Ligand SMILES: [Zn+2]
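Numbering (my numbering), first residue to last: 9 to 266.
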């Protein structure tokens, strides 16, 4: 949907498949992925393969995760390419405003060729979700802003661009502090400007954490999450200068004010 161009839906707790009653898919096997498609041309499918393989390495790298388990054979991720948005929404039962969705548990991505910024945004974003969740565990409880911020960190254009958006929100007085961001619930009724700001702030805070305090610290933080320490404990254990999320909020604001 044009209305919310970069809102990309993420589902990580799917139980059974939503999608695959009909056996309409052709299969293209790659090293770490299996790509399913129906009418998409082969050159598009091959580009998906090439880019997905490239992001597989890049994302693991830029989050500082050392790959501990290769995606091979039955463990390959599956990418389902619907013909178009109508097909995607109807067959996959996904929201009209979404352009891509992923399940970390099933290690599957669903999208369609005309999805917003297919190669630069949708694909790395959804893969980012899967790789992050694979590292911290699909069931770890973390705020949505962390989840979405990590995924948006993979969309290169969104990393830097958000400084300006968030600074403008501060000067307009619409900035959402981190503790509010943490409790914010998004649904189909949430106004577009709020949704946009939620995503911009999420991307920005993760960018701040990774670039200001380093990849290694971010990995240690993710490791604590993986160990089940919980979000608050993991934060204060690794980022020792923050006693709580308000301290993180203050540091982030200071960075934005400079
Ligand atoms: Zn997402």
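Glycine included, each C-beta is placed from N, C-alpha and C at the ideal position.
Given the structure is predicted, the values throughout are model-derived calculations rather than measurements.
So residue i is in the alpha helix (DSSP H); what residue range does that whole segment cover?
{"i": "residue 220", "result": "200-221"}
{"i": "residue 242", "result": "239-246"}
{"i": "residue 143", "result": "131-144"}
{"i": "residue 253", "result": "253-265"}
{"i": "residue 79", "result": "Careful: residue 79 lies outside any alpha helix (DSSP H) and carries neither H nor E."}
{"i": "residue 104", "result": "That residue, residue 104, is in no alpha helix (DSSP H); it is neither H nor E in DSSP."}
{"i": "residue 161", "result": "152-161"}
{"i": "residue 50", "result": "50-70"}
{"i": "residue 179", "result": "164-180"}
Give the straight-line distance between the Cα atoms of residue i and residue j, rounded to the nearest whole angstrom.
{"i": "residue 60", "j": "residue 49", "result": "17 Å"}
{"i": "residue 47", "j": "residue 216", "result": "41 Å"}
{"i": "residue 173", "j": "residue 157", "result": "15 Å"}
{"i": "residue 43", "j": "residue 239", "result": "34 Å"}
{"i": "residue 102", "j": "residue 96", "result": "7 Å"}
{"i": "residue 262", "j": "residue 91", "result": "46 Å"}
{"i": "residue 188", "j": "residue 250", "result": "17 Å"}
{"i": "residue 199", "j": "residue 264", "result": "25 Å"}
{"i": "residue 185", "j": "residue 209", "result": "9 Å"}
{"i": "residue 22", "j": "residue 266", "result": "Confidence at residue 22 is low in this model, with a pLDDT of 38, below 50, so its placement is unreliable and no value can be given for it."}
{"i": "residue 68", "j": "residue 213", "result": "19 Å"}
{"i": "residue 167", "j": "residue 254", "result": "23 Å"}
{"i": "residue 149", "j": "residue 51", "result": "39 Å"}
{"i": "residue 80", "j": "residue 38", "result": "9 Å"}
{"i": "residue 244", "j": "residue 223", "result": "16 Å"}
{"i": "residue 233", "j": "residue 40", "result": "26 Å"}
{"i": "residue 85", "j": "residue 31", "result": "18 Å"}
{"i": "residue 260", "j": "residue 182", "result": "16 Å"}
{"i": "residue 104", "j": "residue 248", "result": "42 Å"}
{"i": "residue 196", "j": "residue 246", "result": "35 Å"}
{"i": "residue 211", "j": "residue 58", "result": "26 Å"}
Which residues mark the beginning and the end of the beta strand (DSSP E) in which residue i is found?
{"i": "residue 36", "result": "34-37"}
{"i": "residue 119", "result": "116-119"}
{"i": "residue 96", "result": "Note, residue 96: premise wrong, no beta strand (DSSP E); alpha helix (DSSP H) at 93-100."}
Give every residue of the same chain whose Cβ lies closer than 8 Å to the Cβ of residue i, excluding the five residues on either side of it in the sequence, and list them in chain order.
{"i": "residue 227", "result": "71, 72, 73"}
{"i": "residue 128", "result": "163, 164, 165"}
Just list the residues that DSSP pairs residue i with in beta bridges.
{"i": "residue 111", "result": "116"}
{"i": "residue 88", "result": "44, 118"}
So, at 6 Å on beta carbons, what are the nonlocal neighbours of residue i in its own chain, with the 5 sequence-adjacent residues on each side left out?
{"i": "residue 218", "result": "226"}
{"i": "residue 89", "result": "45, 48"}
{"i": "residue 36", "result": "43, 53"}
{"i": "residue 56", "result": "43"}
To which residues of the same chain is residue i closer than 7 Å at the C-beta, ignoring the five residues directly before and after it?
{"i": "residue 151", "result": "190, 239"}
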